[in-house]
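Contents: one structure, followed by commentary.
Protein chains in written order, with the numbering used here: chain Y, 1 to 113; chain Z, 1 to 114.
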């Protein structure tokens with residue numbers, strides 16, 4: 001089976017930097033995604049990591065360490081609109097050519113002035 | 001505009017009354033899937049489809065059926081809904097079922113079964 005852990009809730013101040021961690025235990029790992037989900041809306045893709053290291057995309061960066069089963073999403077220069085839930089999703093379990101994604105429970109980030 | 005659409009967006013129904021939630025994508029994606037999202041449990045996959053006429057169970061398939069007769073459509077069928085199927089449902093699609101492809105999600109269907 002697969003197990004994905006991320007903090008339930010985090011708070012941060014506008015303009016600051018926040019790091020959201022995700023740890024996972026899985027067999028057949030083949031990539032980790034981060035999605036952003038605003039309340040009542042659909043998840044939207046933020047980043048994808050399959051190799052170790054840091055992927056930077058504007059204010060958002062994502063890091064992966066496969067040996068440690070660990071990833072983080074780094075958000076810089078926080079804005080109020082960044083208040084959302086951040087979902088970590090691991091691709092593993094190859095079945096008939098498809099990797100079944102497993103989502104963590106999400107981290108609710110609250111950005112305050 | 002590239003998108004995934006779902007209908008209805010909101011539905012209140014009674015136990016045992018069959019219902020279908022439609023999902024359609026206009027991106028010519030091969031891979032489509034259905035998720036349910038419940039407080040404290042996150043997104044859980046119900047069924048997925050690698051391509052036309054190819055469907056398979058996800059983590060929580062009990063009480064649901066799907067079909068994939070056309071590439072663009074992937075309806076979710078609840079033959080006899082029960083209150084424990086009250087949830088927020090998302091349809092998603094990606095270019096292929098391989099690991100590197102991001103998923104595009106529909107706007108969600110909030111279902112209440114009384």
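The beta carbon of each residue, even a glycine, is placed where N, CA and C say it ideally should be. Since the model is a prediction, treat every value here as computed from it, not as a measurement.
For this session: Given a cut-off of 9 Å, decide if residue 32 of chain Y and residue 85 of chain Y are closer than it, judged by their beta-carbon atoms.
Result: As a working mapping, residue 85 of chain Y is identified with position 85 in the first chain. As a working mapping, residue 32 of chain Y is identified with position 32 in the first chain. Their beta carbons are not under 9 Å apart, which means residue 85 of chain Y does not touch residue 32 of chain Y by this criterion.
For this session: Could you tell me which of Z/110, Z/87 and Z/33 sits nearest to residue 67 of chain Z, measuring between CA atoms?
Result: Residue mapping note: residue 67 of chain Z aligns to position 67 of the second chain, counting from 1. When each option's Cα is compared against that of residue 67 of chain Z, the closest is Z/33.
Exercise. When the Cα of residue 50 of chain Y is compared with those of Y/40, Y/112, Y/68 and Y/30, which residue comes out closest?
Worked result: Residue mapping note: residue 50 of chain Y aligns to position 50 of the first chain, counting from 1. Ranking the options by Cα distance to residue 50 of chain Y, first place goes to Y/30.
For this session: Could you tell me whether the Cβ atoms of residue 63 of chain Z and residue 44 of chain Z are closer together than 9 Å?
Result: Position 63 of the second chain holds residue 63 of chain Z. Position 44 of the second chain holds residue 44 of chain Z. No, they are not a contact pair.
For this session: Establish whether the CB of residue 45 of chain Z and some CB of chain Y are separated by less than 9 Å.
Result: As a first step, residue 45 of chain Z is located in the second chain; it is residue number 45 there, counting from the start. True, the Cβ-Cβ gap to chain Y drops below 9 Å.
Problem set entry | Of the residues Y/59, Y/92, Y/65 and Y/91, the one placed nearest residue 79 of chain Y, counting alpha carbons only | Residue numbering aside, residue 79 of chain Y sits at position 79 when the first chain is read from its first letter. Comparing Cα positions, the closest option is Y/59.
For this session: Go ahead and pull the three-state DSSP assignment for residue 101 of chain Y.
Result: Position 101 of the first chain holds residue 101 of chain Y. Looking at residue 101 of chain Y - three-state DSSP - the assignment turns out to be strand.
For this session: Consult DSSP for residue 82 of chain Y and reduce its assignment to one of helix, strand or coil.
Result: As a first step, residue 82 of chain Y must be located in the first chain, where it is residue number 82. Residue state for residue 82 of chain Y is assigned as helix, using DSSP reduced to three classes.
Exercise. Residue 118 of chain Z to residue 44 of chain Y, Cα distance in whole Å?
Worked result: Given a span of 1 to 114 for chain Z in the structure shown, any question on residue 118 of chain Z remains unanswerable.
Problem set entry | 8 Å Cβ cut-off: residues of chain Y touching residue 42 of chain Z | Along the second chain, one-based indexing puts residue 42 of chain Z at 42. Chain Y residues near residue 42 of chain Z: 87, 103, 104, 105 and 106.
For this session: Output yes if chain Z places a C-beta closer than 9 Å to the C-beta of residue 41 of chain Y; else output no.
Result: Counting from one through the first chain, the residue named residue 41 of chain Y turns up at place 41. Judged by the 9 Å Cβ criterion, residue 41 of chain Y is in contact with chain Z.
Problem set entry | CB of residue 105 of chain Z within 9 Å of CB of residue 90 of chain Z, strictly | Along the second chain, read from residue 1 onward, the residue named residue 105 of chain Z stands at position 105. Along the second chain, read from residue 1 onward, the residue named residue 90 of chain Z stands at position 90. Yes, the pair counts as a contact, with Cβ atoms nearer than the cut-off.
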